[in-house]
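**Q** So that we are looking at the same thing, I have put the structure below in structure tokens.
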RNA sequence: CGGGGCGUAGCGCAGCCUGGUUAGCGCGCCUGCUUUGGGAGCAGGAUGCCGGAGGUUCGAAUCCUCUCGCCCCGACCA
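In this note's numbering, the protein residues as written are 181 to 664.
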């Protein structure tokens, strides 16, 4: 195939098309075609989600949470019990009105999130302060009839986990809200190699029915932000709506303080847009379903024999060390094509073994990272070097992602400068002062064609200043960006 | 939901305006031989309810109506 026949549109040419190309060539997913706004997650893509699930699940359990499962269908009346919650979700509900050949007396909604039905059961399960805290997590699918969908980032049906906890004091619920935010932040940075900014959402962007909402915001390569995880302090709103009461140590009845928190298959989209390049997917070793691929190279039959023997042996040694390794022994395909095949799928390390290498007692190792060169290592160090590369690549991916973000992060103090950063579709991470008025926030969004406050970063110094738009006093800078 | 674009082979597309034999091209796929250190070559071959349903017509991928879905830009959101 000619060079100009590239299957992946370069990022700087058309970022949205690049994203779709990477998903297709990476064999991650495809549109469901026959079901609006839904997608089929293919094995390679689903493996990424499984990797995320596995690590997060361990972290949840290590902090005392237990998994449970609640029904997919929720009585419509439940959604209505919490005023803001209805208002927030009503437009995007899918409703089941018929079942068993009859019209239902009360329709069910397909869960958009489970606060309400879990609230109902919490009310049954909780009666004493001794029942608290109650720390529940659910791995599930949910459905939100969004106006516009994008693969992984916003599909009608998506997979997620939703944590739901009940506490006897607000303080304890606040600690829980922040603890889970930290877990999300650690996971994103340690496992996904994706730096994030933790902060509190403004009232405008708050979860429907929450007292406060926190998020981790990730930087995508087009300098847009992506909300990658949220944690909500629900106060007593759902406790009151579902009458979840407990008797405290003094014998008085009180409503529980609840939290909820979640991440979704959107993280797969985040992973793609954070790291991948014009060749295709780039995966951090800690999530890569395949850590290394061994590509044999030979011409003659006798070469084939000794090359395959060496490849098989190395593969076995790597597998014994806990890596998942593919040996690409497909016949009739040239090595170059195999390289592209595995690069598009994001395999972190490629091992090449040919007759010349065997003669020299070496193997060739190639990292998936952009700009990396082949390195030749002695055969007896192939395993240790490959293992070491896993850690090196993981760290390098984080470092590069962080650098990309920092290179696109600015502090701005004048409205003119601010506007200049955001011409049509352009973006950066901008730290600027904001007076706290939702009207001003809305005004900024309208005047810039979509720039929003991503969050109020937690680790920002309290530094007084003047609002970028209104000029009124501000306590600290907030993070502005275009966002998915 | 508003604006724009698009559904033709597994993928990417041409053909449609101006209706007319058997619907094409590239890649991929199958067979054989030659190949294999960055997307191999030659020869043969398979694959299409032209997104779906109506209509106009002697005749529809092509014209008309409706519908389903996808993509992009907005408003809504994980």
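By construction, the Cβ of each residue, glycine as well, lies at the ideal position given by its N, Cα and C atoms. Quick caveat: nothing in here was measured; it's all calculated off a predicted structure.
#1: What's the gap between the Cα of residue 328 and the Cα of residue 599?
#2: May I ask you to report which of helix, strand or coil DSSP gives residue 396?
#3: Rank 471, 386, 410 and 404 by C-alpha distance to the C-alpha of residue 396 and give the top, closest one.
#4: Which first and last residues belong to the alpha helix (DSSP H) in which residue 299 is found?
#5: So the candidates are 537, 196, 582 and 454; which of them puts its Cα closest to the Cα of residue 476?
#6: Measure the Cβ-Cβ separation of residue 341 and residue 443 and say whether it is below 8 Å.
#7: Please list, in chain order, all residues of the same chain as residue 191 whose beta carbon is under 8 Å from its beta carbon, the five residues on each side excluded.
#8: When you compare each of 455, 363 and 295 to residue 373 by their alpha carbons, which one comes out closest?
#9: Between residue 201 and residue 521, what straight-line distance do the alpha-carbon atoms span, to the nearest angstrom?
#10: Consult DSSP for residue 607 and reduce its assignment to one of helix, strand or coil.
#11: Considering only the beta carbon of each residue, do residue 422 and residue 269 sit closer than 8 Å?
#12: Can you tell which of 305, 461, 483 and 391 has its C-alpha closest to the C-alpha of residue 535?
#13: Counting pairs of Cβ atoms below 8 Å between the stretch 621-633 and the stretch 600-610, do you hit three or more?
#14: My assumption, with CB atoms under 8 Å, is that residue 649 sits in contact with residue 620. Please give the rounded CB distance.
#15: What first and last residue would you give for the beta strand (DSSP E) that runs through residue 338?
#16: Nearest by alpha-carbon distance to residue 508: which of 531, 294, 367 and 559 is it?
#17: Here's a check: name, in chain order, each residue in its chain whose Cβ is nearer than 7 Å to the Cβ of residue 181, leaving out the five neighbours to either side.
#18: Once DSSP output is grouped into helix, strand and coil, what is the label at residue 631?
#19: Return the CA-CA distance between residue 417 and residue 390, expressed in angstroms with no decimal places.
#20: If we call anything under 8 Å between Cβ atoms a contact, is residue 633 one with residue 658?
**A** Let me spell this out:
#1: Taking the first residue of the first chain as 1, we reach residue 328 at position 148. Taking the first residue of the first chain as 1, we reach residue 599 at position 419. About 26 Å.
#2: Reading the first chain from its first residue, position 216 is the one you call residue 396. Three-state DSSP puts residue 396 in a strand.
#3: Locating residue 396 in the first chain gives position 216, counting from the first residue. The shortest C-alpha separation from residue 396 is found at 410.
#4: Numbered from 1 along the first chain, position 119 holds the residue referred to as residue 299. Start and end: 295-305.
#5: Position 296 of the first chain, counting from 1, holds the residue named residue 476. If we check each option's Cα against that of residue 476, 537 comes out closest.
#6: Taking the first residue of the first chain as 1, we reach residue 341 at position 161. Taking the first residue of the first chain as 1, we reach residue 443 at position 263. Cβ atoms of residue 341 and residue 443: closer than 8 Å.
#7: Here residue 191 corresponds to residue number 11 of the first chain, with the count starting at 1. Within the same chain, residue 191 has close Cβ partners 198, 401, 402, 457 and 458.
#8: Within the first chain, residue 373 is the residue found at index 193, counting from 1. Of the listed residues, the one whose Cα sits closest to residue 373 is 455.
#9: Position 21 of the first chain, counted from the first residue, corresponds to residue 201. Position 341 of the first chain, counted from the first residue, corresponds to residue 521. Near 14 Å, if we compare the C-alpha coordinates of residue 521 and residue 201.
#10: Looking up residue 607 in the first chain gives position 427. Correct three-state label for residue 607: coil.
#11: Locating residue 422 in the first chain gives position 242, counting from the first residue. Locating residue 269 in the first chain gives position 89, counting from the first residue. Contact flag unset, no.
#12: The residue labelled residue 535 in the question sits at position 355 within the first chain. Considering only alpha carbons, the answer is 483.
#13: yes
#14: Taking the first chain and counting its residues from 1, one reaches residue 649 at position 469. Taking the first chain and counting its residues from 1, one reaches residue 620 at position 440. At roughly 5 Å, the Cβ-Cβ gap stays under 8 Å, so residue 649 and residue 620 are in contact.
#15: For the purposes of this step, residue 338 is identified with residue 158 of the first chain, where counting begins at 1. Counting along the chain, the beta strand (DSSP E) containing residue 338 begins and ends at 337-347.
#16: Looking up residue 508 in the first chain gives position 328. When each option's Cα is compared against that of residue 508, the closest is 531.
#17: Sequence index remark: in the first chain, residue 181 carries index 1 (1-based). With a pLDDT of 31 at residue 181, under the threshold of 50, the modelled position of this residue cannot be trusted; read the value that follows with caution. Result list for residue 181: empty, nothing under 7 Å.
#18: Locating residue 631 in the first chain gives position 451, counting from the first residue. Note: residue 631 maps to coil in three-state DSSP.
#19: By 1-based counting over the first chain, the position of residue 417 is 237. By 1-based counting over the first chain, the position of residue 390 is 210. Their Cα atoms are separated by approximately 7 Å.
#20: Taking the first residue of the first chain as 1, we reach residue 633 at position 453. Taking the first residue of the first chain as 1, we reach residue 658 at position 478. Yes, Cβ-Cβ distance for residue 633 and residue 658 is below 8 Å.
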